[in-house]
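*Asks:* Take this structure first; my questions come after.
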Amino acid sequence: MRKWIAVLAFLVLALNAFGHAGEVHKYMGTVTALHDDGSFLLKKTDGTTITIAVTSATAYRHADGAAATRAELAAGKRVVVTIAKDGRTATEIKLAAAKRN
Amino acid sequence: MLVAVFGIAVLAIIISIVSMARRGFSAHEPPSALEATMARAMRHWATPAALRDAKNPVALTPRVLAEGRAHFADHCATCHGNDGKGDALGKTMYPRAPDMTLARTQALSDGELFSIIENGVRLTGMPGFGSGTSESAHGSWTLVHFIRHLPKLTPDELVEMQKLNPKSPEEWKELQEEEAFLAGEDVSSTHH
Numbered sequence: 002m003r004k005w006i007a008v009l010a011f012l013v014l015a016l017n018a019f020g021h022a023g024e025v026h027k028y029m030g031t032v033t034a035l036h037d038d039g040s041f042l043l044k045k046t047d048g049t050t051i052t053i054a055v056t057s058a059t060a061y062r063h064a065d066g067a068a069a070t071r072a073e074l075a076a077g078k079r080v081v082v083t084i085a086k087d088g089r090t091a092t093e094i095k096l097a098a099a100k101r102n
Numbered sequence: 044m045l046v047a048v049f050g051i052a053v054l055a056i057i058i059s060i061v062s063m064a065r066r067g068f069s070a071h072e073p074p075s076a077l078e079a080t081m082a083r084a085m086r087h088w089a090t091p092a093a094l095r096d097a098k099n100p101v102a103l104t105p106r107v108l109a110e111g112r113a114h115f116a117d118h119c120a121t122c123h124g125n126d127g128k129g130d131a132l133g134k135t136m137y138p139r140a141p142d143m144t145l146a147r148t149q150a151l152s153d154g155e156l157f158s159i160i161e162n163g164v165r166l167t168g169m170p171g172f173g174s175g176t177s178e179s180a181h182g183s184w185t186l187v188h189f190i191r192h193l194p195k196l197t198p199d200e201l202v203e204m205q206k207l208n209p210k211s212p213e214e215w216k217e218l219q220e221e222e223a224f225l226a227g228e229d230v231s232s233t234h235h
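Chains as they are written, first to last, in my numbering: chain Z, 2 to 102; chain L, 44 to 235.
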């Protein structure tokens with residue numbers, strides 16, 4: 002009897018399920034204009050243009066992982082932008098690795 | 044006495060079944076207080092008594108911490124996230140992967156953390172990683188050091204860990220494509 006109770010208790014607790022993780026979206030493109038509010042215009046590799054918003058939480062990195070700054074963002078720069086779930090706010094902006102002398 | 048214990052056990056099971064039938068079986072809802080309490084109790088009982096008060100035998104050095112960080116990024120971050128806050132695959136598990144930066148995890152003894160890594164926890168998504176070898180034990184003790192370090196993790200450490208996270212062939216291709224694009228090459232992108 003104890004065995005059956007243990008089996009039943011196990012079944013009650015073991016009915017687990019797994020969900021799925023959210024999707025991360027990225028844009029590759031070239032910065033075409035910077036706006037006063039911090040946002041910028043990005044011409045994507047498919048030729049379309051989108052305005053990307055930034056926040057104080059947006060991280061700036063070089064391709065080699067080194068820290069970058071907002072000041073390095075300029076028209077003509079190539080970037081890879083990781084976008085938040087809202088579809089327009091950058092969580093991370095990756096720039097080309099800094100040139101070494 | 045035996046009849047009373049049996050009666051209480053049957054009653055508890057009936058209450059659990061009725062409660063689950065009413066709540067449904069979706070993993071989206073957080074576990075009930077009863078389930079969470081039972082899971083923590085089982086985890087506590089699963090820790091061998093000799094380990095409960097054990098101190099980490101591996102001395103903490105920068106190299107050991109780096110080892111633990113790399114090990115965590117490769118084996119643990121998929122579910123726990125690089126920062127240990129559980130905002131990864133573990134957030135959809137039932138029960139949720141815990142936020143290991145908080146006191147509920149940080150207050151566990153070194154031995155309890157080691158036991159969880161080595162032996163896993165039944166009825167959760169936490170597997171037992173131990174193989175019974177001294178190498179496995181060393182790896183788990185270095186992870187205990189890293190788990191203690193999680194609340195003080197720096198942004199640079201997180202970037203370092205991202206490079207070490209397991210990647211699918213598609214993710215590697217995407218990463219190479221990004222690097223080529225940033226280096227000025229023309230790429231036929233799967234990105235937008």
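Using N, Cα and C, we set each Cβ at its ideal position, and we do this for glycine too.
Would you tell me roughly how many angstroms separate the C-alpha atoms of L:ALA150 and L:GLN219, rounded to the nearest one?
*Replies:* 41 Å
*Asks:* Would DSSP call L:THR148 helix, strand or coil?
*Replies:* It is helical.
*Asks:* What number of angstroms, rounded off, separates the C-alpha of L:LEU211 from the C-alpha of L:PHE172?
*Replies:* Note on residue identity: the sequence assigns Ser, not Leu, to residue 211 of chain L. So the two alpha carbons sit approximately 22 Å from each other.
*Asks:* Note down the Cα distance separating L:ASP117 from Z:HIS26, rounded to an integer number of angstroms.
*Replies:* Here the alpha carbons of Z:HIS26 and L:ASP117 stand approximately 22 Å from one another.
*Asks:* Kindly list, in the order they appear in chain Z, the residues whose Cβ is closer than 8 Å to that of L:PHE224.
*Replies:* MET29, THR46, ARG79, VAL81
*Asks:* Run the CB neighbour count on L:PRO138, radius 10 Å, all protein chains shown included, and call it buried at 16 or more, exposed below.
*Replies:* L:PRO138 comes out buried.
*Asks:* Roughly how many angstroms separate the alpha carbons of Z:LYS78 and Z:ALA34, rounded to a whole number?
*Replies:* 10 Å
*Asks:* Give the residues of chain L in contact with Z:LEU74, contact being defined as C-beta atoms less than 8 Å apart.
*Replies:* Going along chain L, no residue has its Cβ under 8 Å from Z:LEU74, so there is no contact; the nearest lies around 13 Å.
*Asks:* If you draw a straight line from the C-alpha of L:ALA102 to the C-alpha of L:ARG95, how long is it?
*Replies:* As the crow flies, the alpha-carbon of L:ALA102 is around 19 Å from that of L:ARG95.
*Asks:* Flag Z:ALA91 as yes if its beta-carbon sits less than 8 Å from any beta-carbon of chain L, otherwise no.
*Replies:* So no, Z:ALA91 is outside the interface.
*Asks:* Can you name, in chain order, every residue of its own chain whose Cβ lies under 8 Å from the Cβ of L:LEU201, other than the five neighbours on each side?
*Replies:* ASN125, ASP126
*Asks:* Anything in chain L within Cβ reach of Z:LEU96, meaning under 8 Å, just list it in chain order.
*Replies:* LEU225
*Asks:* List the residues of chain B that Z:ALA64 touches, going by C-beta distances under 9 Å, in chain order.
*Replies:* Note that chain B does not occur in the displayed structure, where the protein chains are Z and L.
*Asks:* Is the beta carbon of Z:ILE53 less than 8 Å from the beta carbon of Z:ALA91?
*Replies:* yes
*Asks:* Quick one: does L:LYS210 have its CB under 8 Å from some CB of chain Z?
*Replies:* It does not; no Cβ of chain Z falls within 8 Å.
*Asks:* Are any of the Cβ atoms in chain Z nearer than 8 Å to that of L:VAL202?
*Replies:* yes
*Asks:* With H, G and I counted as helix, E and B as strand and the rest as coil, what does DSSP make of L:PHE236?
*Replies:* Limits of chain L in this structure are 44 at one end and 235 at the other, which puts residue 236 of chain L out of reach.
*Asks:* May I have the straight-line CA-CA distance separating Z:ALA69 from L:MET85, to the nearest angstrom?
*Replies:* 47 Å
*Asks:* Taking only the alpha-carbon atoms, compute the straight-line gap between L:LYS98 and L:ASP130 and give it to the nearest angstrom.
*Replies:* 29 Å
*Asks:* Within 10 angstroms of the Cβ of L:GLY182, are there 16 or more other Cβ atoms? Answer buried if so, exposed if not.
*Replies:* Buried, because 16 or more other Cβ atoms sit within 10 Å of the Cβ of L:GLY182.
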